[in-house]
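Going left to right, the sequence shown walks through residues 1 to 289 as the UniProt record's numbering numbers them.
Even glycine gets a Cβ: it sits at the ideal position worked out from N, Cα and C.
Just below is one structure, and these are the notes that go with it.
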Amino acid sequence: MNRPASAGLLGDTVARDYGWKLRLFNAFAEAELRQTIAGLQLQPGSRVLDAGCGTGEALGWLAAAVGSDGMVVGIDLARAHMVASRANAPAGALVMQANLTQLPLAPASIDLVWSVNTINHLRDPVASLQDLAALLRPGGRIALGQSSLLPDMYFAWDARLERLVNEAVRQYYRDRYQVSERELAGIRSLVGRLRQAGLRNVTARTFTIERVAPLGRADHDYLLQVIFRGTWGERLRPYLDADDYEALVRLCDPGDPGFALRRPDFHFLQSFTLAVGEVRSNERSAVVS
Ligand SMILES: C[S@@+](CC[C@H](N)C(=O)[O-])C[C@H]1O[C@@H](n2cnc3c(N)ncnc32)[C@H](O)[C@@H]1O
């Protein structure tokens, strides 16, 4: 991939725009994401930063959780994502285009940093977590959400094909972004990174995003457009042998009688992990230094 040296680990720049995928993902996983936010038991009046807010769907969910006395701020690097976030943001929310490596917020001004599928895009995630921790008020928390970076997804078909496809996707990402297998272990690195950044009381909980046939519109659109046509599209051809690639194309083709999303046995599993760490009043200075 041709990417500027200033781009993030997974190719993010000010000019990059994959907002269409973010909209589809957030519509697909809205119920689980809202449930995750509810589980954080935010106090009314809390101040929340969505770090890497993408197209801004979570801003409204977070605003509902903190109530009219609360405050929600969204930050994103990509211009197009920031514009979409502003359009989506509830009244009173603040959306800024900024780099998480140069945060434009005052120290000790935030109660919760919410950041979904973003920390794994940064070149130095621990340093960024330390910077985010410095924004927290005493007792404040960072909540890192991560869905499978690579589709560690499970479908109800040929387990061999599933294994080969998942390996092909990993190889594609390694080649495209010149990253190692270790750097792709997004979920398993969350707890360690929070601890390395000095956060305390780190917890992790994994939710299952599970769908069975018949699918709703948001499920159908996300799986067809983002996974089947994006993650598993033409780009996997070089990574599979011809028969396996053809078998995959048939499963993913709405015009094929075997189209996966119409199969009565369609059953899909994907994980969503939330890792939460906290700064405590008497430890904040250690985190910031
Ligand atoms: C996979 S998306 C997730 C977006 C959103 N949190 C969601 O769940 O839909 C990652 C987001 O992080 C943003 N991003 C990547 N690197 C960033 C950086 N250094 N500073 C701010 N935002 C960044 C990207 O522009 C993108 O919107």
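query	result
F266 and V212 closer than 8 Å at C-beta	yes
Beta-carbon proximity list for R79, same chain, < 7 Å, skipping 5 on both sides	V14, A15, Q97
Euclidean distance between Cα positions of R200 and G74	24 Å
Terminal residues of the alpha helix (DSSP H) in which N88 lies	79–88
Helix, strand or coil at W157 according to DSSP, with G and I counted as helix	coil
Heavy atom of ligand 1 within 7 Å of N117 beta-carbon	yes
Near ligand 1: D131 beta-carbon under 7 Å from a heavy atom	no
Whole-angstrom C-beta distance between G8 and residue 290, which should lie under 8 Å	Here the chain comprises residues numbered 1 to 289, so residue 290 is not present and cannot be evaluated.
Unbroken alpha helix (DSSP H) run spanning T36, endpoints	30–39
E32 vs F272 beta-carbon contact at 8 Å	yes
Cβ pair count under 8 Å reaching 3, the segment 32–45 against the segment 86–96	no
Any non-hydrogen atom of ligand 3 within 7 Å of L94 CB	What this structure holds is ligand 1, not ligand 3.
N- and C-terminal bounds of the beta strand (DSSP E) containing Q196	Careful: Q196 lies outside any beta strand (DSSP E), inside the alpha helix (DSSP H) at 190–196.
Contact under 8 Å by Cβ, T101 with H81	no
Assigned exposure category for Q270 - 16 Cβ within 10 Å defines buried	buried
Sequence-distant residues of its chain with Cβ nearer than 6 Å to L105 (five each side left out)	L135
Supposed contact pair D111 and V48 - C-beta distance, whole angstroms, cut 8 Å	7 Å
Residue burial classification, W20 (beta-carbon count within 10 angstroms, cutoff 16)	exposed
Per-residue burial, G45 [other beta carbons within 10 Å of its own, 16 or more giving buried]	exposed
Of the residues L122, S189, Q196, L261, the one placed nearest L224, counting alpha carbons only	L261
As assigned by DSSP and simplified to three states, the class of R3	In this prediction, R3 scores a pLDDT of 48, lower than 50, which makes its location untrustworthy; no coordinate-derived value is stated.
Near ligand 1: L122 beta-carbon under 7 Å from a heavy atom	yes
Residue from R193, R235, Q41, A63 whose Cα sits closest to the Cα of L129	R193
Residue environment, L10, which counts as buried when at least 16 other CB atoms sit within 10 Å	buried
Nearest-angstrom Cα separation, counted from A51 out to S285	Bear in mind that the predicted position of S285 carries a pLDDT of just 44, short of 50, making it unreliable; the figure below should be weighed with that in mind. One C-alpha to the other measures close to 22 Å.
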